[in-house]
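Going by this note's numbering, the sequence shown runs without a break in its numbering and finishes at 186.
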Amino acid sequence: MSYTIAIIGRPNVGKSTLFNRLVGQKLALVDDTPGVTRDRREGEGKLGDLEFTLVDTAGLDEGPKGSLTARMQEQTETAIALADALFFVIDARMGLTPNDRAFADFARRANKPVLLLANKSEGKHGEVGAMESYALGLGDPIQVSAEHGEGLGELYDALRVLM
Ligand code: GDP
Ligand code: MG
24 MSYTIAIIGR
34 PNVGKSTLFN
44 RLVGQKLALV
54 DDTPGVTRDR
64 REGEGKLGDL
74 EFTLVDTAGL
84 DEGPKGSLTA
94 RMQEQTETAI
104 ALADALFFVI
114 DARMGLTPND
124 RAFADFARRA
134 NKPVLLLANK
144 SEGKHGEVGA
154 MESYALGLGD
164 PIQVSAEHGE
174 GLGELYDALR
184 VLM
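This is how it looks when you write it as structure tokens:
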């Protein structure tokens, strides 16, 4: 079994962008499985010489007033259960939201290695959000830009230690 990493976080932080960057062309779609989780995508990810199975928790809408819907919780929990490690993604430009904290509770309770990724950190834009994210209790943030491919060397270094 390949080392499996689930990408977790609230909507719009850049999870799918990160998934696509690490999976590249070799994207595989997972069929909907009734009764289990819908919208979960899996692919074979690659970062330098590291190869792993990557699980994206897909675009779910936030509930009323940005609350965490039951379906989002279920999907996240299923992905966490399948994973050997988690990428917990925040939008470092936006700073922390209540939903970030709610998802972080899941990630902490999983008792699995978590890499905290402060995404959208191209340029200097993510500094404040990255600092704020220490409060999640998920360790030191790694500043990345999924869209621009920045910070992947730091991500590699952190991931290599886990795998
Ligand atoms: P998801 O809902 O967490 O899967 O987020 P998406 O991957 O769909 O991205 C949400 C939005 O954030 C899109 O408009 C992306 O283009 C944008 N985005 C993703 N990564 C970055 C990044 O590194 N920098 C910036 N500035 N925008 C990003
Ligand atoms: Mg997505």
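Note that CB positions come from ideal geometry on N, CA and C, so glycine has one too.
Opening and closing residue of the beta strand (DSSP E) in which residue i lies
i      : result
Asn142 : Val137 to Asn142
Boundaries (first-last residue) of the alpha helix (DSSP H) holding residue i
i      : result
Leu77  : Run containing Leu77: none in the alpha helix (DSSP H); it sits in the beta strand (DSSP E), Leu73 to Thr80.
Leu105 : Ala93 to Leu105
Thr40  : Lys38 to Val46
Ala127 : Pro121 to Arg132
Glu177 : Leu175 to Leu185
Gly152 : Glu150 to Glu155
Counterpart residues of residue i in DSSP-defined beta bridges
i      : result
Leu70  : Leu73
Ala29  : Val78 and Leu109
Arg64  : Asp79
Asp114 : Asn142
Ser168 : Glu173
Whole-Å CB distance - residue i paired with residue j, under 8 Å assumed
i      : j      : result
Phe126 : Arg33  : 6 Å
Val46  : Gly66  : 4 Å
Val118 : Val151 : Residue identity check: residue 118 is Gly in the sequence provided, not Val. Between Val151 and Gly118 the Cβ distance is about 6 Å, and since that is below 8 Å, they are a contact.
Lys135 : Ala106 : 6 Å
Thr80  : Thr99  : 6 Å
Leu73  : Arg124 : With a Cβ gap of about 30 Å, Leu73 and Arg124 do not count as contacting.
Phe42  : Ile30  : 6 Å
7 Å Cβ shell around residue i - same chain, five flanking residues per side excluded
i      : result
Ala181 : Leu138 and Ile165
Gly58  : With a pLDDT of only 38 at Gly58, under 50, the local geometry of the prediction cannot be trusted, and no value is derived from it.
6 Å Cβ shell around residue i - same chain, five flanking residues per side excluded
i      : result
Glu173 : Glu145
Gly68  : Leu45, Val46, Phe75 and Leu77
Glu170 : Thr40
Contacting residues, own chain, Cβ-Cβ under 8 Å from residue i (five flanking each side not counted)
i      : result
Ala10  : A query on residue 10 cannot be resolved here, the shown segment of the chain reaching from 24 to 186 and no further.
Gly162 : Val137, Leu138 and Leu139
Ala153 : Ala115, Ala141, Ser144, Pro164 and Gln166
Residue i Cβ short of 7 Å to ligand 4 heavy atom set
i      : result
Ala127 : Among the ligands in the structure shown, ligand 4 does not appear; only ligand 1 and ligand 2 can be found there.
_With three or more beta-carbon pairs closer than 8 Å as the criterion, would you say the segment 111 to 119 touches the segment 141 to 155?_
yes
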